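Asks: Protein chains in written order, with my numbering: chain A, 1 to 220; chain B, 221 to 667; chain C, 668 to 795.
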Amino acid sequence: MTHEIYAFLRGPMVWISLTVFLGGSVYRLASMWRLAKKKDAVIFHYISVFYSLRSLLHWVSPFGSLNMRKNPAMTVIAFIFHVCLIATPVFLSAHVILVKESWDISWWWMPDHMADLLTVIVIGCCLFFAGRRIKRPDVRYLTSVSDYLILAAIAAPFITGLWAYHQWPAFSAMMLLHMASAEILLMMIPFTRLNHMLFFPFTRGYMGSEFGAVKNAKDW
Amino acid sequence: MTKHSVTDVIGIPDEGIDKGAEKLTPEKITRVIRKLLDEEGGARLKVYMETCVHCGLCSEACHFYLSNDNDPKFAPAGKVKQTLEHIIKKKGKVSVAFMKRACEVAFTECNLCRRCSMYCPFGIDIAYLMLFVRRICHRLGMVPQYIQDTAHSHSATMNQMWVKEDEWIDTLQWQEDEARDEIPDLRIPLEKPGADVFYSVIGPEPKFRAQLIYQAAVIMHAAGVDWTMPATPGWDNSDMCMYTGDQEMVARLKKVHFEAAMRLKTKRIVMGECGHAFRSVYDVGNRLLGWKMPPLRLMHALEFYYELFRDKKLTVKQKYEVPVTLHDPCNVVRGGGLHEMARHVIGETCTEFIELHPNREHNYCCSAGGGVINCGPPYAKKRVIGNRVKAEQLAAAKAKGAKTIIAPCHNCHGGLEDIVKYYELDMEIKFLGDIIYECIDKGQPED
Amino acid sequence: MVKNKIISYTAVFSVFLLILTVAAFSTDYIETVDDSAFEKKTRPPAAFFHDAHNETAGIDDCSVCHHLYEDGQKTDDMSVGMECSECHMSAPEDSAADLIRAYHLQCGGCHMEQKAGPIMCGECHRKN
Numbered sequence: 001m002t003h004e005i006y007a008f009l010r011g012p013m014v015w016i017s018l019t020v021f022l023g024g025s026v027y028r029l030a031s032m033w034r035l036a037k038k039k040d041a042v043i044f045h046y047i048s049v050f051y052s053l054r055s056l057l058h059w060v061s062p063f064g065s066l067n068m069r070k071n072p073a074m075t076v077i078a079f080i081f082h083v084c085l086i087a088t089p090v091f092l093s094a095h096v097i098l099v100k101e102s103w104d105i106s107w108w109w110m111p112d113h114m115a116d117l118l119t120v121i122v123i124g125c126c127l128f129f130a131g132r133r134i135k136r137p138d139v140r141y142l143t144s145v146s147d148y149l150i151l152a153a154i155a156a157p158f159i160t161g162l163w164a165y166h167q168w169p170a171f172s173a174m175m176l177l178h179m180a181s182a183e184i185l186l187m188m189i190p191f192t193r194l195n196h197m198l199f200f201p202f203t204r205g206y207m208g209s210e211f212g213a214v215k216n217a218k219d220w
Numbered sequence: 221m222t223k224h225s226v227t228d229v230i231g232i233p234d235e236g237i238d239k240g241a242e243k244l245t246p247e248k249i250t251r252v253i254r255k256l257l258d259e260e261g262g263a264r265l266k267v268y269m270e271t272c273v274h275c276g277l278c279s280e281a282c283h284f285y286l287s288n289d290n291d292p293k294f295a296p297a298g299k300v301k302q303t304l305e306h307i308i309k310k311k312g313k314v315s316v317a318f319m320k321r322a323c324e325v326a327f328t329e330c331n332l333c334r335r336c337s338m339y340c341p342f343g344i345d346i347a348y349l350m351l352f353v354r355r356i357c358h359r360l361g362m363v364p365q366y367i368q369d370t371a372h373s374h375s376a377t378m379n380q381m382w383v384k385e386d387e388w389i390d391t392l393q394w395q396e397d398e399a400r401d402e403i404p405d406l407r408i409p410l411e412k413p414g415a416d417v418f419y420s421v422i423g424p425e426p427k428f429r430a431q432l433i434y435q436a437a438v439i440m441h442a443a444g445v446d447w448t449m450p451a452t453p454g455w456d457n458s459d460m461c462m463y464t465g466d467q468e469m470v471a472r473l474k475k476v477h478f479e480a481a482m483r484l485k486t487k488r489i490v491m492g493e494c495g496h497a498f499r500s501v502y503d504v505g506n507r508l509l510g511w512k513m514p515p516l517r518l519m520h521a522l523e524f525y526y527e528l529f530r531d532k533k534l535t536v537k538q539k540y541e542v543p544v545t546l547h548d549p550c551n552v553v554r555g556g557g558l559h560e561m562a563r564h565v566i567g568e569t570c571t572e573f574i575e576l577h578p579n580r581e582h583n584y585c586c587s588a589g590g591g592v593i594n595c596g597p598p599y600a601k602k603r604v605i606g607n608r609v610k611a612e613q614l615a616a617a618k619a620k621g622a623k624t625i626i627a628p629c630h631n632c633h634g635g636l637e638d639i640v641k642y643y644e645l646d647m648e649i650k651f652l653g654d655i656i657y658e659c660i661d662k663g664q665p666e667d
Numbered sequence: 668m669v670k671n672k673i674i675s676y677t678a679v680f681s682v683f684l685l686i687l688t689v690a691a692f693s694t695d696y697i698e699t700v701d702d703s704a705f706e707k708k709t710r711p712p713a714a715f716f717h718d719a720h721n722e723t724a725g726i727d728d729c730s731v732c733h734h735l736y737e738d739g740q741k742t743d744d745m746s747v748g749m750e751c752s753e754c755h756m757s758a759p760e761d762s763a764a765d766l767i768r769a770y771h772l773q774c775g776g777c778h779m780e781q782k783a784g785p786i787m788c789g790e791c792h793r794k795n
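Have a look at this one:
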């Protein structure tokens, strides 16, 4: 049975999740583009590449905005979290080897002990965010169940991956959960608040354009 | 400083909201909201609503939140949660009571100052979302009484204050007369075709602050500006309809204003020291009329003063010696980037300048803008205690010696006056025009 | 005396040679798959009990694993005694990833096909 599940998760499910993720992302962006053309055509007249990039550059640089400087702990944790979240799966040796096996292409991978550390960091950050949601009254007020579920969905592949790597009890089952949870997470991106991965450049860029080109002001 | 509980300021009776609500049924609310979401809820609304990750990083941008002891209900995203988030989740199926509260949030707990957009990592335009809620309220016929009255005035008279056409002309002539006592050859040129400057003001100037027109005339005269004002509607550049969600009226108002300037074939519009009017003419009304940028050169008083000093059109006779500080108004600073120009003029006219902290784009709102002060006396206390941080900010400048607050915006002026009085700050509030008027060589004849 | 000495030396040497010869053909001592080409090891070597594996898997033909290709054609010869890296990492552009790939496809590929045997990382690369 394990072989069948493994084969499914490693074969068809990879394609399904990649298709849903990429196709979903393209669909979300394209349909939003179409909606914007139809109802917010004004956006296209005000968006400016220069001012979009000016604002984006400030907001993707650590401490590039006043709010980041005012919340140094959150800034450091949020940046580290996002870097680790992307870098760990992309540069994990096991993942690179899987790609190498399937498509005979490979790239640099990080030492396993480093991946181990980054994984623990991601899990730690998720705990921090959960704690922040519980502890800070304003964030707690905004939080709904779905916000916790999203955090759990992010933490899940990292926890199960760490478990499987260290070969703690029942690690084979954990490995299957690892693959399944990661594929679910990937498919969630276009259709949940994780879509900020897709829309962030546009929302920030538009605000940057409005502030920069029309209002002659900074927005960071 | 006295402490108030939030319950003091929530659920304030308001004829406009209460009477409007009496005529509503949940079915009507649902119908109106769905129609509006369908017609006007585009990609921006959708992306903003779906992308917010509820991180709460916008909270500390809001003076209402900070001043009400970090009450989550006053955090920008908290206001969205109490209004649009629920409306969209329920697809418009919300109760009358819910809409009453939503109306109160959008009209009296948010100044649309856009400070939170500078704090949101994603740049979500929360002011836009609050304006959408106001738009819903407008369509539901549920708008705070006082501000709705000004919107009625706009639609009936094309000015904010029910000023009749002859009263407008009469006021200008009266101010001209007064000013000629001081400067005999001064004129307030009415209907002068081809003038360089078309000077427009907000409705409250002829109504309550006619001396500002007097001062403007003196400055124009001293600088030798070729200027004029219209004798027809279009003299008022203000716009409360922008804040009640009545966009159709905004377009009508701005059209009349632009057309008055164009009819007189003037080269540019110069506006008095008002923030919301600048937002309306420079940023909102033009768009509703299909102009990407205003159809003719537009200058807020700050930029105009700056130009006069830069080109040495005005000479300072006696600098203003009382230490001053500057309140950067949202609509001309976050909305127009005129902060350095204001500082230049202050440098020319004042001996001692003390910065507020935070300042420039990051200055706290006065809590009067966005139509909140126009919602009238019922909410005066709410906006004043909702801006304790402003009082603390001013007190810090006062501790460094500042005695006069320069507020180059009518709404800010009103808001700060209330704050200074309530928190017993004992500071004087002036327009930049007041200072210039006091300092410059007016060209009076020698005795 | 001298003769005796020579005989005993010869005997000792013969025994030694015998042991060596037997050992050379025995595979019972193989407990992991290892390759000298892996200079630094990312994971522990794959556990592999050669004889037990072949007995369970019912593999008699050495060439099933110890294949030898020439010009892309599988030959009747076998690669017994060679290290996999001698071929699978022989091209100048080959890296450790290519060798790893060969091993994984060889072992894992068969396990997947047969629906038997370890398939996930930790099942072979045991940490003890």
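Glycine included, C-beta positions come from ideal geometry on N, C-alpha and C. Since this is a predicted model, take the numbers as computed values, not measurements.
Can you tell me whether B/T452 is helix, strand or coil according to DSSP?
Replies: Reduced to three states, the DSSP call for B/T452 is coil.
Asks: Between the segment 85 to 104 of chain A and chain D, which residues of the former have CB atoms less than 8 angstroms from a CB of the latter, in chain order?
Replies: Absence of chain D from the displayed structure is noted, the protein chains being A, B and C.
Asks: By how many angstroms is the C-alpha of A/A182 removed from the C-alpha of A/A156?
Replies: If you take the alpha carbons of A/A156 and A/A182, they lie about 8 angstroms apart.
Asks: State the DSSP-derived secondary structure class of A/I159, mapped to helix, strand or coil.
Replies: Three-state DSSP puts A/I159 in a helix.
Asks: For chain B, is any of its Cβ atoms less than 8 angstroms away from the one on A/I43?
Replies: With 8 angstroms as the cut-off, A/I43 counts as an interface residue toward chain B.
Asks: Mind reading off the beta-carbon distance from B/A241 to B/V316? Whole number of angstroms is fine, and I expect it under 8 angstroms.
Replies: Right, the Cβ-Cβ distance comes to about 5 angstroms (below 8 angstroms), so this counts as a contact.
Asks: Below 7 angstroms on C-beta distance, what does A/F171 contact in chain C?
Replies: The contacting residues are G789.
Asks: Kindly list the residues whose CB is nearer than 8 angstroms to the CB of A/L9, restricted to its own chain and excluding five residues on each side of it in sequence; keep chain order.
Replies: Excluding residues within five positions, the ones whose Cβ falls inside 8 angstroms are L176, M179, A180, E183.
Asks: With DSSP as the reference, label B/C632 as helix, strand or coil.
Replies: Reduced to three states, the DSSP call for B/C632 is helix.
Asks: Please state if the CB of A/F171 and the CB of C/G784 are separated by a distance shorter than 8 angstroms.
Replies: No, Cβ-Cβ distance for C/G784 and A/F171 is not below 8 angstroms.
Asks: Which residues, taken in chain order from the segment 144 to 172 of chain A, show a beta carbon closer than 8 angstroms to some beta carbon of chain C?
Replies: Answer in chain order: A164, Y165, H166, Q167, F171, S172.
Asks: In chain order, which beta strand (DSSP E) runs of at least 3 residues are fully inside the segment 496 to 526 of chain B?
Replies: Those beta strand (DSSP E) runs which fall completely within the segment 496 to 526 of chain B and span 3+ residues are 517 to 520.
Asks: Near B/L410, what residues of its chain come up, given a Cβ to Cβ distance below 8 angstroms and the 5 sequence neighbours on each side ignored?
Replies: Excluding sequence neighbours, B/L410 sits near I389, L392, T448, M449, P450, A451.
Asks: Go through its chain and collect everything with a Cβ distance to B/R517's Cβ below 6 angstroms, but skip five positions before and after it.
Replies: Closer than 6 angstroms at the Cβ level, and outside the excluded window around B/R517, lie R488.
Asks: Determine the DSSP secondary structure at C/K672, reduced to helix, strand or coil.
Replies: Helix.
Asks: Taking Cβ-Cβ distances shorter than 7 angstroms, what residues in chain C pair up with A/D112?
Replies: Ordered by position in chain C, the residues that pass the 7 angstroms Cβ test against A/D112 are T709.
Asks: Could you tell me the distance, in whole angstroms, from the CA atom of B/M221 to the CA atom of B/P292?
Replies: Residue placement at B/M221 cannot be trusted, given a pLDDT of 45 that sits under 50; the coordinates are not used to answer.
Asks: To the nearest angstrom, how far is the alpha carbon of B/P404 from that of B/G444?
Replies: Using only the alpha carbons, I get a separation of about 15 angstroms.
Asks: Does any C-beta atom of chain B lie closer than 8 angstroms to the C-beta of A/H82?
Replies: No, no contact with chain B.
Asks: Bridge partners for C/T699 per DSSP, in chain order?
Replies: According to DSSP, C/T699 bridges with C/A714.
Asks: Tell me, to the nearest whole angstrom, how far the beta carbon of B/A263 is from that of A/K39; I am working on the premise that it is less than 8 angstroms.
Replies: That pair is a contact at about 7 angstroms.
Asks: Do the segment 130 to 150 of chain A and the segment 158 to 171 of chain A touch if we need at least three Cβ pairs shorter than 8 angstroms?
Replies: Contact between the segment 130 to 150 of chain A and the segment 158 to 171 of chain A is absent, because fewer than three Cβ pairs lie under 8 angstroms.
Asks: What does a CB cutoff of less than 7 angstroms around C/V747 pick up in its chain, not counting 5 residues either side in sequence?
Replies: Correct list, in chain order: C729, H733.
Asks: Label A/R204 either buried or exposed according to how many other C-beta atoms from any shown protein chain fall within 10 Å of its C-beta, with 16 as the threshold for buried.
Replies: Classification for A/R204: buried.
Asks: Would you mind working out which of B/L360, B/D503, B/G596 sits nearest B/P246, comparing C-alpha positions?
Replies: Comparing Cα positions, the closest option is B/L360.
Asks: With B/Q395 and B/I422 assumed to form a contact (beta carbons below 8 angstroms), what rounded beta-carbon distance in angstroms separates them?
Replies: Actually they are not in contact, since the Cβ atoms of B/Q395 and B/I422 sit about 15 angstroms apart, beyond 8 angstroms.
Asks: Let me make sure I understand the geometry here. Which of B/E305, B/R335, B/K539, B/F478 has the alpha-carbon closest to that of B/N579?
Replies: Ranking B/E305, B/R335, B/K539, B/F478 by Cα distance to B/N579 puts B/R335 first.
Asks: In chain C, which residues lie less than 9 angstroms from A/Y51 when you measure between Cβ atoms?
Replies: Ordered by position in chain C, no residue passes the 9 angstroms Cβ test against A/Y51, which lies about 43 angstroms from the chain.
Asks: Which chain A residues are close to B/V273, counting only those with a beta carbon under 7 angstroms from its beta carbon?
Replies: Per Cβ cutoff of 7 angstroms: R193, H196.
Asks: Does the Cβ-Cβ distance between B/V353 and B/A371 come in under 8 angstroms?
Replies: Not a contact, by the Cβ cut-off of 8 angstroms.
Asks: Who pairs with B/T624 in a beta bridge, going by DSSP?
Replies: The partner list for B/T624 (beta bridge, DSSP) reads B/V544, B/E648.
Asks: Could you please tell me which residues of the segment 45 to 75 of chain A, in chain order, have their CB closer than 9 angstroms to any CB of chain C?
Replies: Cβ contacts with chain C: none found.
Asks: Evaluate C/P759 with the Cβ neighbour count: other Cβ atoms within 10 Å of its Cβ, from every protein chain shown; 16 or more gives buried, anything less gives exposed.
Replies: The residue is exposed, with fewer than 16 neighbouring Cβ atoms inside 10 Å.
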